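K.L.:
Numbering (this note's numbering), first residue to last: 6 to 116. Provided herewith is a single structure, encoded as structure tokens, for subsequent inquiry.
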């Protein structure tokens, strides 16, 4: 659940689901456009804070150590601590401009 501490009596703003494990970390982008949260392993969820309806699930392999948006909000770094696949992955933001008759691509893509 996501709460606005200024309005606790109003209840939770939204309840955002996880896939298989507890939520271990939450991080807002510096411009407030996105909120991301990670499960203990395998999944990072990124939501638009405009309505919390637009989201992307980033499916990884391994234990998640943490994640951070870059200062310009163009890259999401995710650290994995799996004993076989430990690494830092980069997820770059794609342009929000859409071409005619083309399905929008996921907001974040690995490079």
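A virtual CB, placed ideally from N, CA and C, is assigned to each residue, including glycine. In this text, all values refer to a predicted model and were calculated from it rather than measured experimentally.
So does the region 8–17 actually touch the region 53–67, counting three or more Cβ pairs closer than 8 Å?
P.N.:
Fewer than three pairs of CB atoms, one per stretch, sit closer than 8 Å, so the region 8–17 makes no contact with the region 53–67.
K.L.:
At which residues does the beta strand (DSSP E) containing residue 88 begin and terminate?
P.N.:
Looking at the DSSP string, residue 88 is not in any beta strand (DSSP E), and its letter there is neither H nor E.
K.L.:
Quick one, which of 36, 31 and 6 has its alpha-carbon nearest residue 76's?
P.N.:
Among 36, 31 and 6, the Cα nearest to that of residue 76 is on 36.
K.L.:
My assumption, with CB atoms under 8 Å, is that residue 69 sits in contact with residue 85. Please give the rounded CB distance.
P.N.:
So it is a contact: roughly 6 Å between Cβ atoms.
K.L.:
Residue 13 by DSSP, collapsed to three states: which one?
P.N.:
helix
K.L.:
Compare the beta carbon distance of residue 62 and residue 42 with 8 Å and say whether it is the shorter of the two.
P.N.:
no
K.L.:
Could you name the residues of the same chain whose beta carbon sits closer than 7 Å to that of residue 71, not counting the 5 residues immediately before and after it, in chain order?
P.N.:
30 and 84
K.L.:
Name the residue from 78, 92, 38 and 90 whose alpha carbon lies nearest to the alpha carbon of residue 59.
P.N.:
38
K.L.:
Evaluate residue 34 with the Cβ neighbour count: other Cβ atoms within 10 Å of its Cβ, from every protein chain shown; 16 or more gives buried, anything less gives exposed.
P.N.:
Residue 34 is buried by the Cβ-count criterion.
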